[in-house]
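Shown next, in structure tokens, is the structure this report addresses.
There are 2 protein chains.
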Amino acid sequence: MTADSAVETLSYPETDTVRDLVDRAIDRGAMVTLFGRCTVEYDGRAASSLGPGDRHVTLKPDGAALVHTDEGQQPVNWQPPGSAHSVSAADGALELCSERSNPDETLEISFETVAHAAAFDVSDPEELAVTGTEADLKERILEDPDLVEPGFTPLATERATPAGAVDIYGEDESGRTVVVELKRRRVGPDAVGQLDRYVDALERDLHAGTAVRGILVAPSVTDRARQLLAKKGLEFVSLEPT
Amino acid sequence: MTADSAVETLSYPETDTVRDLVDRAIDRGAMVTLFGRCTVEYDGRAASSLGPGDRHVTLKPDGAALVHTDEGQQPVNWQPPGSAHSVSAADGALELCSERSNPDETLEISFETVAHAAAFDVSDPEELAVTGTEADLKERILEDPDLVEPGFTPLATERATPAGAVDIYGEDESGRTVVVELKRRRVGPDAVGQLDRYVDALERDLHAGTAVRGILVAPSVTDRARQLLAKKGLEFVSLEPT
DNA sequence: GTTTGAATGTCGCTT
DNA sequence: AAGCGACGTTCAAAC
Chain H
1 MTADSAVETL
11 SYPETDTVRD
21 LVDRAIDRGA
31 MVTLFGRCTV
41 EYDGRAASSL
51 GPGDRHVTLK
61 PDGAALVHTD
71 EGQQPVNWQP
81 PGSAHSVSAA
91 DGALELCSER
101 SNPDETLEIS
111 FETVAHAAAF
121 DVSDPEELAV
131 TGTEADLKER
141 ILEDPDLVEP
151 GFTPLATERA
161 TPAGAVDIYG
171 EDESGRTVVV
181 ELKRRRVGPD
191 AVGQLDRYVD
201 ALERDLHAGT
211 AVRGILVAPS
221 VTDRARQLLA
231 KKGLEFVSLE
241 PT
Chain E
1 MTADSAVETL
11 SYPETDTVRD
21 LVDRAIDRGA
31 MVTLFGRCTV
41 EYDGRAASSL
51 GPGDRHVTLK
61 PDGAALVHTD
71 EGQQPVNWQP
81 PGSAHSVSAA
91 DGALELCSER
101 SNPDETLEIS
111 FETVAHAAAF
121 DVSDPEELAV
131 TGTEADLKER
141 ILEDPDLVEP
151 GFTPLATERA
161 TPAGAVDIYG
171 EDESGRTVVV
181 ELKRRRVGPD
191 AVGQLDRYVD
201 ALERDLHAGT
211 AVRGILVAPS
221 VTDRARQLLA
231 KKGLEFVSLE
241 PT
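In the order they appear, the protein sequences are chains H and E. Note that UniProt numbering has the first sequence beginning at 1, numbered continuously upward. Note that UniProt numbering has the second sequence beginning at 1, numbered continuously upward.
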């Protein structure tokens, strides 16, 4: 791939010209970006309408489409990967359409003016390596179970219960069954509910009369979550991710 | 704004040239996009490392930063709005840095090659109008409460309880208190837990002995959620958003 | 394909 | 600032 072939750009192009560029780029699996004044209509899981304004549009070769304004981390409109992009020129306006099924969703972008268009031939062999996730926290506890409490012995991870898979399943110093739910950050009531369902499911699953301890491991909890923990007879251990 | 001033672009620029363009664009509140071979390091709530590859980078005037590969709807790396962008040229490589505090987070992008750079002056006065949301579902039920059940009378929305605000609070035909939790799509156990907390909180809040009915309104429920509903003595009404 | 829960979730609203 | 819940959440893994 030569430098010249990797990027194709147009500034304030004729509609037919940019249509051709976009069409060819989609065909060869390039990434397309457009900037200009446009309107956007979406219909699918919900429906939305966006009046005229300057936006940045990205069409990815995997079928994803993104419409970004000058504000916000999230696109104002989008289409998920797997959608089919198409382009046309009607009445001097550039029209982009991205459709998918299951669920049926359509995104239509109509450009009044295209200020800039570009096609990029992308090559990205690298995987993102993330640390500091819940999975990391789990590994840390498995290496040093005393972080939960002295004498804690992990017996299984992702142990199945009727209420779903438990993060860490084990027993305490005196042999009582312990369920540990991990969260990498401060938790609210939802996580307590999750832990409670696991404890409940295990108490039913095991022999009657078996008391199961539930321990929530997280950096901290909200007030409501703390109350809910107390009410449910569950415990909390404060532990920061590395 | 003239057509010529709205967009500035460079293809395979010298490092110093693109640094100046980016610097000026950040200063004047323009949106910047770059495409080229780069590495990305993030450190903050988590930490990540991304080896060399072709990516598309966006710097927004509100402080958001986005790094997109050729795949996926979500950026591979990013920085939220409110971050401070800076650019420098070191050893012939273009370096972008986006930092924020609270929490402290840093995103560093190092370009081996910049294939394309652009600065866009954005103007977007329009608000996005979305329909088909939970708020729409609520309005629909308030207009026609029989959708929940014949004889249902809404008394309040967002009624405060110790467990949070209830979507719709009302009473049934026979005067029993009813709590309605709305979901615009198929729900899992979390929504049942939420409804249960509201019912529980209201039964404590009202005079002792007052039975409170809890009704989950959603298109459908998962198996686990249905079991949890039954166990908690809660009800379910199937209702699709328009 | 459905279900489940994590996420650097993000976003908006209320306290 | 913190808490809480919605979101066209998206995403990946398990079933």
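By construction, the Cβ of each residue, glycine as well, lies at the ideal position given by its N, Cα and C atoms.
Buried versus exposed, by CB contacts within 10 Å (16 or more), residue 82 of chain E: exposed
Proximal residues, the region 48-74 of chain H versus chain E, C-beta separation under 8 Å: 48, 49, 50, 51, 52, 53, 54, 55, 56, 58, 60, 61, 62, 64, 66, 68, 69, 70, 71, 72 and 73
Residues near residue 51 of chain H in its chain [Cβ-Cβ closer than 7 Å; skip 5 each side]: 39
Buried/exposed call for residue 223 of chain H, threshold 16 Cβ in 10 Å: exposed
Beta-bridge pairing of residue 79 of chain E - partner residues as DSSP gives them: E/65
Spatial distance of residue 36 of chain H from residue 32 of chain E (CA atoms): 14 Å
Three-state secondary structure (DSSP) of residue 203 of chain E: Taken through DSSP and simplified to helix, strand or coil, residue 203 of chain E comes out as helix.
Amino acids of chain H, ordered along the chain, whose beta-carbon sits closer than 7 Å to that of residue 128 of chain E: 48, 50 and 76
Contact set for residue 158 of chain H: own chain, Cβ-Cβ below 6 Å, skip 5 residues either direction: 165
Residue 189 of chain E beta carbon less than 8 Å from that of residue 225 of chain E: Yes.
Alpha-carbon to alpha-carbon, residue 25 of chain H and residue 1 of chain H: Any reading at residue 1 of chain H must be qualified, since the residue scores a pLDDT of 46, below 50, and its modelled position is unreliable; the value itself is stated next. About 15 Å.
Within 8 Å, strictly: CB atoms of residue 117 of chain E and residue 7 of chain E: No, the Cβ-Cβ distance between residue 117 of chain E and residue 7 of chain E is not below 8 Å.
Beta-ladder partner(s) of residue 244 of chain E, from DSSP: In the structure displayed, chain E extends from 1 to 242; residue 244 of chain E sits before or after that span and is not available.
Beta bridge counterpart(s) of residue 52 of chain H as assigned by DSSP: Answer by DSSP bridge pairing: none, since residue 52 of chain H is not bridged.
Selection from H/12, H/90, H/57 and H/201 that minimises the alpha carbon distance to residue 114 of chain H: H/12
Contacts of residue 81 of chain H in chain E (Cβ-Cβ under 8 Å): Neighbours of residue 81 of chain H on chain E, chain order: 71, 72 and 73.
Given 8 Å, three or more beta-carbon pairs between the region 127-142 of chain E and the region 88-98 of chain E: no
Test item: CB-CB of residue 128 of chain E and residue 109 of chain E under 8 Å: It is not a contact, given that the beta carbons lie outside the stated cut-off.
Under 8 Å (Cβ pairs) to chain H, residues found in the region 81-111 of chain E: 81
Min CB distance residue 125 of chain E to chain H below 8 Å: With 8 Å as the cut-off, residue 125 of chain E counts as an interface residue toward chain H.
Any 3 or more C-beta pairs closer than 8 Å across the region 138-155 of chain E and the region 69-86 of chain H: no
Proximity test, Cβ basis, 8 Å: residue 177 of chain H and chain E: Residue contact with chain E for residue 177 of chain H: absent (no Cβ-Cβ distance below 8 Å to any residue of chain E).
Identified DSSP bridge partners for residue 43 of chain H: Beta-bridge pairing links residue 43 of chain H to H/47 and H/106.
Residues of the region 159-191 of chain E whose Cβ lies closer than 9 Å to any Cβ of chain H, in chain order: 162, 163, 164, 184, 185, 189 and 190
Test: residue 24 of chain H CB closer than 8 Å to a CB of chain E: no
Pairwise C-alpha distance: residue 68 of chain E and residue 80 of chain E: Residue 68 of chain E has its alpha-carbon roughly 14 Å from the corresponding atom of residue 80 of chain E.
Contact set between residue 9 of chain E and chain H, taken where Cβ atoms lie within less than 9 Å: Neighbours of residue 9 of chain E on chain H, chain order: 9, 11, 116 and 118.
For residue 36 of chain H, the residue or residues it bridges with in DSSP: H/55 and H/114
Residue 144 of chain H, buried or exposed, once every other Cβ within 10 Å from all chains shown has been counted against 16: Its Cβ having fewer than 16 others within 10 Å, residue 144 of chain H is exposed.
Neighbour list for residue 6 of chain H in chain E, Cβ cutoff strictly below 7 Å: 115
Spatial distance of residue 185 of chain E from residue 230 of chain E (CA atoms): Straight-line Cα distance between these residues: approximately 20 Å.
C-beta contact flag for residue 187 of chain E and residue 167 of chain E at 8 Å: no
Three-state class that DSSP yields for residue 193 of chain H in the structure shown: Under the three-state reduction of DSSP output, residue 193 of chain H falls in the helix class.
Neighbour list for residue 236 of chain H in chain E, Cβ cutoff strictly below 9 Å: Neighbours of residue 236 of chain H on chain E: none; closest Cβ ~18 Å, over 9 Å.
is_contact[residue 233 of chain E, chain H] using C-beta, thresh 8 Å: Not one chain H Cβ lies under 8 Å of residue 233 of chain E.
Chain E residues whose Cβ lies nearer than 7 Å to that of residue 197 of chain H: 189
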